[in-house]
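Oh and the sequence shown: position 148 is 148 in the UniProt record's numbering, straight run, nothing missing.
Think of the CB as a built atom: it goes at the ideal place given N, C-alpha and C, for glycine as much as any other residue.
Here the structure is laid out as structure tokens; the discussion comes afterwards.
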Amino acid sequence: MDFDLPELRSCNVDPWDLLGDKNTEMYYFVKKAEIEKKGRETLSGYWEECEEEEVMESGDRGCNHLEGRKKTFAFYIGKRPRGTITPWIMYEFRLLSSRATRWSSSSLPRGAVENWRAVKVIVKEENEEEIEEEEQASDESDGEEVVQSR
């Protein structure tokens with residue numbers, strides 16, 4: 001499966017300018033330096049980290065084992081810290097360099113994996129939030145605890 005992921009020049013773009021017609025999700029590559037230099041402020045608001053960074057691992061425990069991180073951001077309209085939350089969500093994915101060196105192809109320039117982030121932008125539908133809240137309440141009432149790797 002091949003994807004042509006466009007490069008996003010910075011995270012300073014309002015989320016509604018990122019998606020095409022009728023799309024509810026879009027993927028991009030962003031240079032790490034662009035995020036660090038310009039932050040995540042836009043003309044209309046800002047992206048704020050809303051969950052702890054998650055650990056993500058491939059199922060392969062051998063020499064092809066990959067480990068990465070996922071950050072989740074919510075978009076707020078207005079100025080910090082009094083913005084109003086919106087249904088726009090951004091996920092930022094990165095490979096850890098210590099693990100990526102085992103995987104990196106010789107065709108990739110040195111540091112290529114470490115210098116880029118894959119970003120997914122979505123519009124979370126209102127009923128999705130209600131369903132998640134109901135599932136969480138149901139899990140709690142069953143006495144079961146759902147634990148994610150962090």
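With respect to the C-alpha of Val121, the residue from Leu96, Thr86, Leu95 having the closest C-alpha is Thr86. Remark: C-beta atoms of Glu7 and Phe29 approach each other more closely than 7 Å.
Sequence-distant Cβ neighbours of Arg80 in its own chain, meaning closer than 7 Å and more than five residues away, are Tyr46. Arg117 counts as buried, since no fewer than 16 other beta carbons sit within 10 angstroms of its beta carbon. Annotation: Glu49 to Leu43 spans about 18 Å, alpha carbon to alpha carbon.
Of the residues Arg94, His65, Gly83, the one whose Cα lies closest to the Cα of Ile35 is Arg94.
Excluding its 5 nearest sequence neighbours in each direction, Asn115 has C-beta neighbours in its own chain below 8 Å: Lys31, Lys32, Ala33, listed in chain order. Put simply, the backbone Cα of Glu92 is about 22 Å away from that of Gly78. In this structure, Leu96 sits away from Glu57, with a CB-CB distance that is not shorter than 7 Å.
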